[in-house]
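Below: the structure, in structure tokens.
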Amino acid sequence: MLKGKIVVPGEKVENEIKENIYFRNGEKYSQIVGLIEEKKDIITPLNFTYLPKVGDKVIGIIEEIEASGWFVNINAPHFAFLPLAEALNEFVDVFRTDLSKFFNIGEIIYAKIINIIGNRIIQVSIKEEGAKLEDGVIIKTLPSKVPRIIGKNASMLKILQEKTNCKIIVGNNGLIWVKGEKIDKVYEAIKLIEKESHLSGLTEKVAKLLENG
Amino acid sequence: MVELIKDGKRVDGRDFEELRKIKIEVNPIPNANGSALFSFGNTIAIAAVYGPRSLYPKFLQEKEETLVRVRYNMAPFSTETRKNPGIDRRSIEISKVIKNAIENSIFSEEYPRTVIDCYAEVLSGDGSTRVTSLNALSISLALAGIKMKDLIAACTAGRIGDKIIVDLNQLEDNYGDCDISFAMLLNTNEIVLLQLDGEIKKDEFLYALKVLKEKCKIIREEQERKIKEYFEKNA
């Protein structure tokens, strides 16, 4: 259930709101369809396209190898760039090394967005948090459903991992990496969450679904 | 000649300034980022919006803003006599005016080097198809999460004799004396689409604009209500 007020583009919002607004005649108006939760000063988008934000943790697929880093597909309009310095701790001589031995095209990484310039140059890092993900599959979901898949205090994610014995990492960009034997069960559960994300008692339902298999 | 006004009523029994029944369906196309079905009586348009997404070949990219591509099309079965399928002169023109309307309603600079693909398909045509498509696209854009100034409200008006009418159907479009396609952003008071075909006096035109603004308010409210209803059920 949604707690808060839904706004549409062009709707007047109160003065405290800081994000996703524009000014006109000294008043603030919403730019997007979003949710204003109580006691919060931002409009949370209810949209379905992922737009990167600094601090987001995302799952990405290496798309291209450049001279000093890698381009990563993070399910956004633009590729993100993973510079060498943000990927490895050791010194690498870029003139003499084939960078594909660290990350090759098609490989999956878990990365954090550290910088965005002008809405289109996106830099990611795997130094602090993140890693190269070996094997496993990627399940695509809607970015707006990610909070429900993680659940309150990661409760839903915990259930998914415990009951299926799979390793699961959820990216903010709507990509989910799963490794284990019961991947089909995880997929089923995620589709159930997507479909019934607005209903209560979802955690129990998912637990029941996973136990039956 | 068709008699368009009979006993103070229009051919379909409406008053002069009465809209047809508005029906809106939200997100009928799961694959799209946002989609909507909008209808004014027998005129039905379905619209889908994809994006902002990456754009190739690269030379098409706009450095500081997004590219909007619009495809307006009428289905072959949408009209009384079969419409030849595919792009024709008329659909190219309408795609262009809709594109201009959308470009002026969104915050283009938020999505540099990307493309927003908009598709509007008229399933059943009974006059006012371009404004119906634009209304459907307005909802689709909002659902796709694209930043915009306001929902786009669009409506048509026309003249029969000395009477100003709104929301023309096919007969009134064909045999009326004048028709105006109109779309605006009520919040910023900007007119984003204005086309006029036929003859009209200045004071009649100004009166028509006034009526159109009132009607657009109703249409926008309806759009807003449906979007909110959808998210209350599905978010």
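First to last, the protein sequences are chains X and Y. Following this note's numbering, the numbering of the first sequence begins with 108 at its first residue and continues without gaps. Following this note's numbering, the numbering of the second sequence begins with 3 at its first residue and continues without gaps. Glycine is no exception: its CB is placed at the ideal position from the N, C-alpha and C atoms. Treat the numbers as computed from the prediction; the structure is a model and nothing was measured.
Closer than 9 Å at the beta carbon, the chain X residues around residue i
i                 : result
Lys235 of chain Y : His305
Tyr113 of chain Y : Leu158, Pro184, Asn226 and Arg227
Asp152 of chain Y : Val115, Pro116, Gly117, Glu118 and Tyr136
Lys60 of chain Y  : Going along chain X, no residue has its Cβ under 9 Å from Lys60 of chain Y, so there is no contact; the nearest lies around 12 Å.
Arg100 of chain Y : For clarity, residue 100 of chain Y is Ile in the given sequence; the question names Arg instead. The contacting residues do not exist; Ile100 of chain Y stays about 17 Å from chain X at best.
Residues that residue i contacts on chain Y, provided the C-beta gap is smaller than 8 Å
i                 : result
Tyr217 of chain X : The contacting residues do not exist; Tyr217 of chain X stays about 22 Å from chain Y at best.
Chain Y residues whose Cβ lies nearer than 7 Å to that of residue i
i                 : result
Ile139 of chain X : Gly147 and Lys149
Under 8 Å by beta carbon: chain X residues contacting residue i
i                 : result
Lys165 of chain Y : Correct list: empty, because the minimum Cβ distance to chain X is about 32 Å.
Cβ pair residue i, residue j closer than 9 Å
i                 : j                 : result
Ser142 of chain Y : Ser107 of chain Y : no
Gly176 of chain X : Pro159 of chain X : no
Val161 of chain X : Ile223 of chain X : yes
Asn196 of chain X : Lys234 of chain X : yes
Ile229 of chain Y : Val115 of chain X : yes
Lys286 of chain X : Glu241 of chain X : yes
Ala210 of chain Y : Ile166 of chain Y : yes
Ala243 of chain Y : Arg73 of chain Y  : Because chain Y in this structure spans residues 3 to 237, residue 243 of chain Y falls outside the shown range and cannot be described.
Ile188 of chain X : Asn180 of chain X : Going by the sequence as given, residue 188 of chain X is Phe instead of Ile. No. Outside cutoff.
Gly127 of chain Y : Leu6 of chain Y   : no
Ala156 of chain Y : Ile220 of chain Y : no
Glu288 of chain X : Asn272 of chain X : yes
Lys110 of chain X : Val120 of chain X : no
Thr83 of chain Y  : Tyr113 of chain Y : no
Ile275 of chain X : Leu267 of chain X : yes
Ile215 of chain X : Ile169 of chain X : yes
Gly117 of chain X : Leu136 of chain Y : no
Val168 of chain Y : Glu66 of chain Y  : no
Leu21 of chain Y  : Lys217 of chain Y : yes
Gly53 of chain Y  : Asn154 of chain X : no
Leu125 of chain Y : Ser80 of chain Y  : yes
Arg71 of chain Y  : Lys101 of chain Y : yes
Ile26 of chain Y  : Glu224 of chain Y : yes
Interface partners of residue i on chain X, CB under 7 Å
i                 : result
Glu226 of chain Y : Val115
Ile31 of chain Y  : What Ile31 of chain Y touches in chain X: nothing, since even the nearest Cβ is about 12 Å away.
Pro54 of chain Y  : Thr156 and Pro184
Ile229 of chain Y : Val115 and Val140
Near the ligand MG: residue i beta-carbon under 8 Å from a heavy atom
i                : result
Phe18 of chain Y : Among the components of this structure there are no ligands whatsoever, and the ligand MG is therefore not found.
contact_flag[the region 44–55 of chain Y, the region 193–207 of chain Y] where n(CB pairs < 8 Å) is 3 or more: No, they do not touch.
Three CB pairs or more closer than 8 Å across the region 173–190 of chain Y and the region 126–140 of chain Y: Inter-segment contact for the region 173–190 of chain Y and the region 126–140 of chain Y is present: three or more beta-carbon pairs are separated by less than 8 Å.
Contacting positions in the region 121–134 of chain X - beta carbon closer than 8 Å to chain Y: Under the 8 Å Cβ criterion, the region 121–134 of chain X contributes Asn127, Tyr129 and Arg131.
Given 8 Å, three or more beta-carbon pairs between the region 135–148 of chain Y and the region 128–145 of chain X: Taking a cut-off of 8 Å for Cβ pairs, the region 135–148 of chain Y and the region 128–145 of chain X touch, as three or more such pairs fall below it.
Validate contact between the region 122–136 of chain X and the region 112–126 of chain Y using beta carbons, cut 8 Å, 3 pairs: Because the criterion of three Cβ pairs below 8 Å is not met, the region 122–136 of chain X and the region 112–126 of chain Y do not touch.
Inter-stretch contact at 8 Å, needing at least 3 Cβ pairs: the region 229–247 of chain X / the region 270–282 of chain X: Yes, the region 229–247 of chain X is in contact with the region 270–282 of chain X.
The region 251–264 of chain X contacting the region 194–208 of chain X, beta-carbon criterion three pairs below 8 Å: Output reads no: the region 194–208 of chain X does not touch the region 251–264 of chain X.
Short-range partners of chain X found in the region 176–199 of chain Y, where Cβ spacing is below 9 Å: The region 176–199 of chain Y vs chain X, Cβ under 9 Å: Leu187, Leu188, Asn189 and Thr190.
Residues in the region 109–138 of chain Y having any Cβ partner in chain X nearer than 7 Å: Residues of the region 109–138 of chain Y with a C-beta atom less than 7 Å from some C-beta of chain X are Phe109, Glu112, Tyr113, Pro114, Arg115 and Thr116, listed in chain order.
Residues in the region 14–46 of chain Y having any Cβ partner in chain X nearer than 8 Å: Against chain X - using a Cβ distance shorter than 8 Å - the residues of the region 14–46 of chain Y are Asn35 and Gly36.
The region 195–211 of chain Y contacting the region 150–167 of chain Y, beta-carbon criterion three pairs below 8 Å: The region 195–211 of chain Y makes contact with the region 150–167 of chain Y, as at least three CB pairs between them are under 8 Å.
Under 9 Å (Cβ pairs) to chain X, residues found in the region 212–224 of chain Y: Cβ contacts with chain X: Arg222.
3 or more residues per run - each beta strand (DSSP E) lying fully within the region 206–237 of chain X: Taken in chain order, the complete beta strand (DSSP E) segments of 3 residues or longer contained in the region 206–237 of chain X are 215–224 and 228–232.
Segments assigned beta strand (DSSP E), at least 3 residues, entirely inside the region 112–138 of chain X: As far as the region 112–138 of chain X is concerned, its whole beta strand (DSSP E) runs of at least 3 residues are 112–114, 128–131 and 134–137.
Three CB pairs or more closer than 8 Å across the region 93–112 of chain Y and the region 6–14 of chain Y: Counting Cβ pairs under 8 Å, fewer than three are found: no touch.
3-residue-minimum beta strand (DSSP E) runs that sit fully inside the region 24–49 of chain Y, ordered along the chain: Within the region 24–49 of chain Y, the runs of beta strand (DSSP E) at least 3 residues long that lie entirely inside it are, in chain order, 24–28 and 36–42.
In chain order, each beta strand (DSSP E) run of at least 3 residues that lies wholly inside the region 152–178 of chain Y: 155–162 and 165–168, all fully within the region 152–178 of chain Y.
Contained alpha helix (DSSP H) runs [length at least 4] in the region 269–302 of chain X, N- to C-terminal order: The alpha helix (DSSP H) runs of length 4 or more contained entirely in the region 269–302 of chain X are, from start to end of the chain, 290–302.
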